[in-house]
Structure formats: C-alpha cells, structure tokens
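Following: one structure in structure tokens, then a few remarks.
Numbering (this note's numbering), first residue to last: 63 to 393.
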C-alpha cells in the first residue's frame with residue numbers, strides 16, 4: 063500500500079467502465095491512495111455498471127456518464143490523465159455471438175477511440191487494458207502461458223484480441239505506454255448478478271444464496287482457475303505503476319485449479335444452501351466450451367512480483383457475506 067501511494071498520490075486517473083465490477087473496485091482502492099479519480103461509464107443495462115458500486119467513495123470521484131465511443135467526449139476525458147485503466151467493454155461470450163456488431167463496437171471501436179484520443183491529446187498517459195483468457199481459445203497445452211497461440215473460438219475473444227493488438231500497435235507506432243492483463247475467472251463483490259452471461263462463478267453464488275439449483279454443463283470435471291477481485295485490482299495497480307510493464311501482456315491466474323463440480327460444492331458448503339445438478343450442454347453454449355483452462359502467471363510474477371493472495375475459501379466467504387448484506391442492489 064505504501065509503495066502504491068507513492069505512485070498514485072494526487073495523480074490523475076481515468077477508469078473507463080468505472081461503475082462496473084473491476085472498475086469500481088479499482089476506484090475504491092485508488093481513493094485510499096488519494097489519487098485524483100475520474101470514472102466514465104455508459105451505464106448501459108446490458109453491462110455491469112451500478113451506482114451502488116461506488117457507495118462510500120462517490121464524493122471522492124468525478125463521474126461522467128458517457129459513451130467512450132464518442133470521440134468528442136473521449137478526447138476531453140483523456141486530457142491530463144496520468145493513468146488510464148481501460149476496463150470498458152462487453153465480456154459475454156454468448157452475447158458476442160448473438161450480436162457480433164455490438165461486441166465490435168464495445169471491444170474494438172471504443173478501444174480505438176481511446177487510443178486515438180491519447181495519441182492526439184495525451185500521448186504520455188500510461189494505459190492498462192483488460193484482456194481475457196478467451197483470447198487463447200481452446201488450450202493446446204496447460205498451463206497456458208503468454209506464448210500460447212491466440213486462437214479465439216468466439217466473437218468476443220477475437221475482438222478482445224484485436225483490442226489488445228491495437229494497444230500494442232499504438233505503443234510501437236506512437237510511443238504510448240500500454241500494458242494488457244489477460245484475466246481469468248474473476249469473482250467477488252460488486253459484480254453484475256442479474257444473469258450468468260458475464261461470468262459463471264458469481265452467478266453460481268447468487269443461485270446458492272437463493273437456495274436454487276446450480277446447473278453444471280457436461281460432466282462437471284472441466285478445470286478452471288479463479289482470482290478474487292482484490293488480487294486483480296492489485297495486478298492493475300502494479301501494471302500501471304511499474305515502468306517495466308510497458309509494452310507487455312501478462313496472464314493472471316489462480317491457486318491450484320479446480321473442477322467445476324468441486325468449486326460449486328465449495329460455494330454450496332460456504333453458503334449453506336443451494337443444490338448441484340450436472341446436465342448436458344445446451345446447443346447455444348456447446349460450441350463455446352474450451353475444456354480445461356488454467357494459466358501460467360510466471361511472467362507477471364517475475365516482472366512485477368504479482369501472485370494471487372486470497373484463497374478460494376476466503377474469497378468465497380467474503381463474496382457471500384457481501385451479497386447477503388447488499389443483494390437488493392444486485393438482484
């Protein structure tokens with residue numbers, strides 16, 4: 063915390079998608095570090111923006127409800143910013159297949175708008191972009207490192223890979239300092255909880271808290287890794303604050319990977335409610351299944367000293383406690 067404060071104290075920070083899950087959690091941490099924070103969010107009902115996410119810190123933030131695809135708006139937003147956490151976008155694999163043009167707008171055009179605005183108005187800003195494990199597609203080997211082929215199996219993965227490529231290009235062509243974090247399954251407080259299309263783990267937590275049936279597709283033996291939100295926020299701060307991260311892409315990853323059956327049972331045991339059922343894949347999602355996935359995060363550990371610190375058991379307990387208290391703001 064002390065080292066972060068040296069980096070971010072009184073610095074101007076823009077968080078796009080700042081009312082969403084990761085963006086708002088990052089805002090809470092940056093308030094502690096006494097940064098000068100502006101958050102921009104469209105509050106689109108399709109995504110995860112929620113004004114309750116900034117409860118307790120709202121008075122310390124500048125809030126712009128705006129669409130960053132609008133170049134006139136984004137030109138103003140980026141001016142004078144020291145750091146830009148670029149978290150806006152569409153994250154649902156299923157939604158990207160249903161409406162690929164909306165995904166294109168959110169994950170490609172919006173990224174180009176930010177980068178062009180920085181090229182013209184603020185080429186010295188440091189940008190950290192939120193990528194995804196979905197860029198890799200079906201793993202050819204495990205654990206997946208950053209050298210793994212980029213072979214997405216859905217529209218979202220293609221567009222997120224393009225978004226990362228835009229950031230790398232603007233770094234190489236115009237000297238803008240950019241870093242990408244390729245996120246795995248992030249869970250914790252302040253997530254969107256209205257539907258399952260933006261991450262299954264938080265949705266499973268909702269079902270358990272409502273004492274409903276949690277349906278797992280296939281045989282339930284698929285392996286995944288998970289990161290609690292606090293660990294993800296710490297990775298973003300490290301990536302922004304360390305000059306060695308410029309021009310790099312990093313995987314995030316969790317502790318020992320776990321099967322879907324085992325993680326679901328852990329949720330049920332921690333919540334004290336819910337039921338598990340294994341069912342065949344629905345046709346809509348069958349083609350989007352990647353099989354086993356877990357990341358090799360050696361690179362970010364060696365570069366920046368990052369690794370997960372919150373165990374699954376502890377992270378689930380914290381998450382369940384948060385939603386028990388605040389479910390009316392999320393359900």
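Heads up, the beta-carbon is just placed ideally off N, CA and C, and yes, glycines get one too.
Looking only at C-alpha atoms, which of the options sits nearest to residue i?
i, options, result
"residue 350", "277, 186, 219", "219"
"residue 97", "88, 103, 358", "88"
"residue 195", "264, 170, 153", "153"
"residue 367", "300, 379, 389", "300"
"residue 200", "370, 215, 255", "215"
"residue 404", "308, 155, 144, 291", "Absent from the structure is residue 404, since the part of the chain shown begins at 63 and ends at 393."
"residue 217", "329, 158, 306", "158"
"residue 259", "82, 86, 105, 109", "109"
"residue 65", "344, 303, 383", "303"
"residue 71", "221, 206, 145", "145"
"residue 308", "289, 267, 263, 242", "242"
"residue 101", "107, 112, 94, 75", "75"
"residue 256", "210, 208, 359, 111", "111"
"residue 343", "68, 336, 353", "353"
"residue 141", "149, 160, 99", "99"
"residue 185", "320, 236, 107, 281", "236"
"residue 383", "224, 167, 329, 322", "329"
"residue 124", "134, 107, 143, 280", "143"
"residue 182", "323, 139, 95", "139"
"residue 166", "224, 132, 392", "224"
According to the neighbour-count rule (16 or more other Cβ atoms, all chains shown, within 10 Å of its Cβ), is residue i buried or exposed?
i, result
"residue 274", "exposed"
"residue 244", "buried"
"residue 9", "Any answer about residue 9 is impossible in this case: the structure gives the chain only from 63 up to 393."
"residue 127", "exposed"
"residue 265", "buried"
"residue 226", "buried"
"residue 239", "buried"
"residue 310", "buried"
"residue 48", "A query on residue 48 cannot be resolved here, the shown segment of the chain reaching from 63 to 393 and no further."
"residue 375", "exposed"
"residue 117", "exposed"
"residue 78", "buried"
"residue 63", "For residue 63, the pLDDT reaches just 48, beneath the cut-off of 50, and the residue's location in the model is therefore unreliable, although a value from the coordinates is still provided. Exposed, by the Cβ-count rule."
"residue 254", "buried"
"residue 325", "buried"
"residue 306", "exposed"
"residue 332", "buried"
"residue 291", "buried"
"residue 232", "buried"
"residue 228", "buried"
"residue 337", "exposed"
"residue 379", "exposed"
"residue 160", "exposed"
Who pairs with residue i in a beta bridge, going by DSSP?
i, result
"residue 120", "For residue 120, which the question treats as bridged, DSSP gives no partner whatsoever."
"residue 245", "194"
"residue 320", "286"
"residue 312", "243"
"residue 337", "275"
"residue 206", "357"
"residue 213", "199"
"residue 78", "102, 148"
"residue 130", "Note: residue 130 sits in no beta bridge, so no partner."
"residue 267", "The partner list for residue 267 (beta bridge, DSSP) is empty, contrary to what the question assumes."
"residue 189", "146, 240"
"residue 125", "101"
Quick one: what's got a C-beta closer than 7 Å to residue i's C-beta in the same chain, skipping five residues either side?
i, result
"residue 136", "130, 175, 176, 179"
"residue 294", "84, 245, 248, 314"
"residue 386", "271"
"residue 105", "81, 111, 127"
Between residue i and residue j, how many whole angstroms is the CB-CB distance? I'm expecting something under 8 Å.
i, j, result
"residue 203", "residue 287", "So it is not a contact: roughly 15 Å between Cβ atoms."
"residue 261", "residue 381", "Rounded, the Cβ-Cβ distance is 12 Å, inconsistent with contact."
"residue 172", "residue 151", "7 Å"
"residue 362", "residue 312", "4 Å"
"residue 440", "residue 319", "For the chain, the structure presents residues 63 to 393; residue 440 sits outside this window and is missing."
"residue 90", "residue 69", "Between residue 69 and residue 90 the Cβ distance is about 17 Å, and since that is not below 8 Å, they are no contact."
Might you give, ordered along the chain, the residues of its own chain that have their beta carbon closer than 6 Å to the beta carbon of residue i, omitting 5 neighbours on each side?
i, result
"residue 277", "339, 341"
"residue 162", "217"
"residue 115", "81, 86, 252"
"residue 316", "287, 288, 289, 370"
"residue 188", "145, 239, 302"
Comparing the CB of residue i with every heavy atom of the ligand SAM, is any distance shorter than 6 Å?
i, result
"residue 291", "With respect to small molecules bound, the structure shown includes none, and the ligand SAM cannot be examined in it."
Tell me which residues share the same chain as residue i and place their Cβ nearer than 8 Å to its Cβ, disregarding the 5 neighbours each side in the sequence.
i, result
"residue 222", "151, 169, 193, 194, 196, 197, 214"
"residue 207", "313, 357, 358, 360, 361"
"residue 230", "240, 242, 309, 311"
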